[in-house]
Ligand SMILES: CC(C)(COP(=O)(O)OP(=O)(O)OC[C@H]1O[C@@H](n2cnc3c(N)ncnc32)[C@H](O)[C@@H]1OP(=O)(O)O)[C@@H](O)C(=O)NCCC(=O)NCCS
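In our numbering, the protein residues as written are 965 to 1127.
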């Protein structure tokens, strides 16, 4: 089951993220984003007794002449190693992207593996117009509104990313 994260999930989310990445950095990032009020969409993959996966989207602003687009940064997404390759990551990303679309956001940005995210509609080409701290094939975007990113803009990540 995919459902929104609630506060009683937080210790288990920390464990899931730490195990998925085999380090603390991403779990710390999740907690800092929450502390800053920047957990825009946060979902878990849960059974009756345990969490197996987690995804978080934070607000991302795209500034350009006379307007600021509201978008989201997808990071991080985590599935416990024992449950990977069973479609949980896909289910989390599809549900999270749909929640971002429901919020009326213009786009979602991700820095991730170029072989994985294109299956959800992300592409480096869609992100090419953006001025951002990242570039190259791992920096990808998904437009939730047609041609939302065509005119480019400067990307502002949530504070916790420190970029
Ligand atoms: C990335 C991750 C969330 C995917 O979760 P998952 O439940 O295994 O994903 P799914 O079952 O939906 O999809 C599995 C597919 O994704 C591919 N895949 C998973 N991680 C990948 C990666 N880093 N690069 C390329 N492909 C990847 C697998 O090869 C598999 O492909 P296949 O279906 O053709 O065999 C999970 O592997 C994970 O937690 N990894 C460690 C943390 C991480 O790297 N997160 C992403 C960066 S923010």
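Every residue gets a Cβ at the ideal spot worked out from N, C-alpha and C, and that includes glycine.
Quantities reported herein were computed from a predicted structural model and do not represent experimental measurements.
In terms of residue numbering, what span does the alpha helix (DSSP H) encompassing residue i cover?
i            : result
residue 1103 : Careful: residue 1103 lies outside any alpha helix (DSSP H), inside the beta strand (DSSP E) at 1103 to 1107.
residue 1008 : Unbroken run through residue 1008 is the beta strand (DSSP E), 1005 to 1010; no alpha helix (DSSP H).
residue 1110 : Here residue 1110 belongs to no alpha helix (DSSP H), and DSSP marks it neither H nor E.
residue 996  : 989 to 999
residue 985  : 974 to 985
Among the options, which residue has its Cα nearest to the Cα of residue i?
i            : options                : result
residue 1051 : 1009, 1069, 977        : 1009
residue 1083 : 1055, 981, 1092, 1093  : 1055
residue 1031 : 1121, 1112, 1122, 965  : 1112
residue 1036 : 1044, 995, 1053, 1066  : 1066
residue 1093 : 1039, 1117, 1073, 1124 : 1117
residue 1074 : 982, 1107, 1114        : 1107
residue 1098 : 1114, 1085, 1115, 1126 : 1126
residue 1047 : 975, 1015, 1115, 1001  : 1015
residue 967  : 1085, 1109, 1114, 1057 : 1057
residue 1041 : 1085, 981, 1122        : 981
residue 995  : 1013, 1022, 1012       : 1022
residue 1045 : 1070, 1017, 1064, 1027 : 1017
residue 1024 : 1109, 1049, 992, 1072  : 1072
residue 1039 : 970, 1053, 1028, 1026  : 1053
residue 965  : 979, 1059, 983, 999    : 1059
residue 970  : 998, 1119, 1123        : 998
residue 1114 : 1124, 1120, 1096, 1089 : 1089
residue 1026 : 1034, 989, 976         : 1034
residue 991  : 1091, 976, 1028        : 976
residue 1013 : 1061, 1005, 972, 1064  : 972
residue 1003 : 988, 1020, 989         : 1020
residue 1122 : 1001, 1063, 1011, 1006 : 1001
residue 1109 : 983, 989, 1062         : 1062
How far does the beta strand (DSSP E) with residue i in it extend, from its first residue to its last?
i           : result
residue 966 : 966 to 968
Per DSSP, what are the beta-bridge partners of residue i in this structure?
i            : result
residue 1120 : 1025
residue 1019 : 1007, 1041
Please decide whether residue i counts as near chain D, where near means a Cβ-Cβ distance under 9 Å.
i            : result
residue 1019 : Absent from the structure: chain D. Only one protein chain is present.
*Is the stretch 1059 to 1078 in contact with the stretch 1096 to 1105, if contact means three or more CB pairs nearer than 8 Å?*
A contact exists between the stretch 1059 to 1078 and the stretch 1096 to 1105.
*asked:* Report the start-end ranges of each alpha helix (DSSP H) in the stretch 1021 to 1096 that is 4 residues or longer and not cut off at the edges.
replied: Qualifying alpha helix (DSSP H) stretches, in chain order: 1052 to 1066, 1088 to 1091.
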